[in-house]
Structures are given as structure tokens and as C-alpha cells.
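All letters in the sequence shown, in the order written, are residues 0 to 310 by numbering that gives the first Met the number 0.
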Amino acid sequence: MGSGIEMTMNGESTGVRADLKGGGPQYGGKALRTFSQSLFFNIFRLAAVVCGLALLIITGFILYHGLPAISWEFLTQAPRESMTAGGIMPCIVGTIVLSYGALLVALPWGVATAIYLSEYATPGRTVRIIRLGINNLAGVPSVVFGLFGLSLFVIFFHFGESVLAGVCTLAAYILPLVIGASEEALRAVPQTYREASLALGATKFQTIFRVVLPASLPGILTGSILALGRAAGETAAIMFTAAVFFTPELPKSLFDSVMALPYHIYVLATAGTEIEKTRPLQYGTALVLIVLVLGMNTVAIWLRARLQRKR
């Protein structure tokens with residue numbers, strides 16, 4: 000009896016050793032998982048490298064062709080001689096006005112909508128329909144927003160081709176992005192913050208505006224950074240509502256039309272009278288647009304980091 004048990008145990012241990020030496024099922028499964036993990040990690044690394052190289056190539060190409068066009072005259076004067084000479088100062092001012100104006104309009108509406116969806120709305124069909132509409136709006140082409148702004152703000156409200164019409168159109172364009180980012184930032188605030196505030200006697204309104212909103216502000220600013228860059232580089236949404244082919248004057252009111260960097264690039268590349276002659280100006284304008292967007296994003300990132308340190 001005892002010898003039989005010993006033989007069985009010895010047989011099992013021998014079999015286990017044989018499985019380990021011969022690469023049994025467990026060993027083979029672990030090796031397969033390790034290989035799969037390594038394979039997918041390498042694919043992800045390759046994707047990151049490809050994206051980084053593409054960014055470096057595009058940036059380097061624009062720097063190589065656009066840097067010779069950059070000068071003090073180019074940055075401080077208006078275009079002249081059928082836009083084959085001069086600078087892009089009205090375009091820079093117009094882009095800044097349109098971008099920050101759109102953010103100032105979209106941010107309050109977007110945050111208010113996110114607060115309603117996150118803090119007040121009862122889950123159900125209505126909320127699902129609202130979120131579905133927001134997600135669909137985020138995927139609508141910008142030219143559709145441009146036609147929407149043309150029919151509503153330019154024609155129906157009689158704003159004309161103006162800064163105000165362009166700002167409202169761009170605000171509608173970036174609104175889904177602001178709502179989505181703000182709602183995610185509000186949801187990321189721990190529920191214990193709300194419970195502690197309510198337990199101390201604060202109302203729900205006070206809890207949202209004194210506890211939840213300040214805690215979610217860095218995340219909301221992250222969405223604002225993305226929205227700002229999206230608005231600054233947009234062409235189709237402003238070509239029908241705010242941007243014009245040429246105007247040497249800076250906007251003096253909300254009802255004046257403006258030049259903008261992305262539309263100016265489009266004009267120089269497609270509708271100019273001497274396209275080849277303006278080629279250096281095209282690359283120079285593109286370089287200025289990249290630097291301008293990077294600068295605006297840097298300011299927003301610095302502000303977000305400062306708010307995070309204060310927490």
C-alpha cells in the first residue's frame with residue numbers, strides 16, 4: 000500500500016519534471032503570453048515612433064521652407080502687392096481674436112451642459128439622446144458648421160461676415176469637445192468629495208461650485224487647450240462667416256471682417272494670382288500658425304499646472 004502511494008507520487012513528480020523539461024502545457028501557455036505581450040508592446044512602440052517621425056518630418060519640412068520668410072516686416076505689416084509681399088499681421092490678430100472669442104463663448108455653455116449631465120440629469124432616454132447628439136456633433140465636418148453659421152448668424156441674425164459670426168460658428172464647432180472633456184473631468188472627482196460637503200451642511204449647488212468644479216478645473220482646462228488649437232487651425236468654418244480674402248485694417252468692432260492664418264494659407268495656395276511667387280509666404284504663414292497654436296497651448300498648460308499646484 001505504502002509503496003503504491005510512493006510510486007504514484009514519484010510518478011506524478013516525474014511526470015511534472017518531464018512536462019517542465021519538455022515544455023508542458025503550462026510552460027507553453029506562459030511562453031505564448033510572454034511572446035504576445037512583447038509583440039504588442041513592440042507594435043505600440045513602433046506606432047509611437049512612426050507618429051513621432053511623421054511629426055518631426057512635417058515640422059522640419061515647414062521649418063526648412065518657412066524660416067527664410069520670417070522677418071520683422073513679415074510679422075508686423077499687412078500684405079501688399081497682391082499679397083506677394085508685406086506681412087501677415089492682420090492674419091495673426093484675426094486668428095487670436097477668433098480663437099479666444101470662440102473659447103470664451105463655448106466654455107461657459109460647455110461646462111454648464113457638462114454639470115447638468117454629470118450632476119443633475121437622471122439617467123434615462125433623454126440623457127442618452129443628448130449624449131448621442133453631442134457625439135454626433137463632434138464628428139460633423141467643419142464645412143457643415145460653416146454653412147450652418149452662414150445661414151444662421153450671417154443671414155438670419157444679420158451679423159454679416161464678421162468677427163461675431165465667426166466666433167459663434169467656431170464656438171458651436173468646438174462645443175462638443177468642451178462638453179465631453181468637462182463631463183469626464185467632473186466624473187473624475189471622487190464621490191467622497193460630494194458626500195463630505197453635503198454632510199457638512201452644504202447645498203448641492205454649493206457643493207458643485209465650491210468643491211467639485213475647482214477639483215475638476217485642470218481637466219476642464221485640458222479640454223479647453225484641445226478646443227483652442229482646433230479653433231485656431233480651422234478654415235472651413237470661418238471662410239463663409241468671418242474671414243476675407245484681403246483687408247489691411249485690424250478689426251475695430253465685432254461686426255468687422257478679418258483675415259485669419261489658416262484661410263490666408265488657403266488663399267495663397269489656391270486662389271492667388273502668383274501662387275509660385277507666394278510659396279515662401281505660404282510656408283512662413285504655416286510656420287507662424289504652428290508657433291501661435293503652440294504658444295496659446297503653452298499658456299493654457301502653464302495655467303493648468305499652476306492650478307494643480309494650488310490644489
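Positions of the beta carbon are idealized from the N, C-alpha and C atoms, including for glycine.
Should the region 157 to 176 be regarded as contacting the region 249 to 261, the criterion being three or more beta carbon pairs within less than 8 Å? yes
Excluding five sequence neighbours on each side, which residues of the same chain lie with their C-beta closer than 7 Å to the C-beta of Lys276? Thr83
Whole angstroms are fine: how far does the CA of Phe204 sit from the CA of Arg127? 24 Å
Opposing strand residues paired with Ala242 [DSSP bridges]: Val257
Phe156 versus Ala236: straight-line alpha-carbon distance, rounded: 17 Å
Using the C-alpha atoms, what's the distance from Leu31 back to Ser196? 50 Å
Identify the continuous alpha helix (DSSP H) that holds Tyr99 and give its terminal residues. Met88 to Ile114
Could you check what DSSP says for Pro213 in three-state terms: helix, strand or coil? helix
Of all the options Leu136, Ala187 and Glu273, which has the alpha carbon lying nearest to the alpha carbon of Ile173? Leu136
DSSP beta-bridge partners for Gly85? Pro78
Member of Val292, Trp71 and Gly222 whose CA lies at the smallest distance from the CA of Ala113: Gly222
Between which residues of its own chain and Ala187 is the CB-CB distance below 8 Å, once the five residues before and five after are set aside? Ser215 and Gly218
Reference Thr75, options Thr240, Val287 and Glu118, closest by Cα: Val287
Should Glu182 go down as buried or exposed, given a rule of 16 or more other Cβ atoms within 10 Å for buried? buried
Would the beta-carbon of Glu273 fall within 9 Å of that of Ser81? yes
Here's a check: name, in chain order, each residue in its chain whose Cβ is nearer than 7 Å to the Cβ of Ala170, leaving out the five neighbours to either side. Ala101, Val104 and Ala105
Whole angstroms is fine: what's the gap from Thr206's alpha carbon to His263's? 47 Å
I'd like to check one pair, Ala120 with Ile133: are the Cβ atoms closer than 9 Å? no
Check Pro67 in the structure and name its three-state DSSP category. helix
Taking the alpha-carbon positions, what's the Val292 to Gly59 distance? 17 Å
How many whole angstroms separate the CB atoms of Thr311 and Met258, which I take to be in contact at a CB cut-off of 8 Å? Outside the shown range of the chain, which is 0 to 310, sits residue 311, and nothing can be said about it.
Would Ala84 pass as an interface residue toward chain B - the criterion being a Cβ-Cβ separation below 9 Å? No chain B is present in this structure, which holds just one protein chain.
Starting from Ser196, trace the alpha helix (DSSP H) in both directions and tell me its first and last residue. Gln190 to Ala198
In this structure, how does DSSP classify Gly138 when only helix, strand and coil are distinguished? coil
Quick one: give me the first and last residue of the alpha helix (DSSP H) that Phe155 is part of. Careful: Phe155 lies outside any alpha helix (DSSP H) and carries neither H nor E.
Using CA atoms only, rank isn't needed, just tell me which of Leu227, Gln281, Arg303 and Ala304 is closest to Ile61. Gln281
DSSP state of Leu313 mapped onto helix, strand, coil: Any question about residue 313 goes unanswered here, given that the chain covers just 0 to 310.
Is Gly21 helix, strand or coil by DSSP? Residue placement at Gly21 is poorly supported in this model, since its pLDDT is 47, which falls under 50; the coordinates still yield a value, given next. Reduced to three states, the DSSP call for Gly21 is helix.
Is DSSP giving Glu248 helix, strand or coil here? coil
For Gly283 and Gly65, believed in contact at Cβ under 8 Å, the rounded distance: 5 Å
CB-CB length for Ile57 against Leu260, believed under 8 Å: Not quite, the Cβ-Cβ distance comes to about 17 Å (not below 8 Å), so this is no contact.
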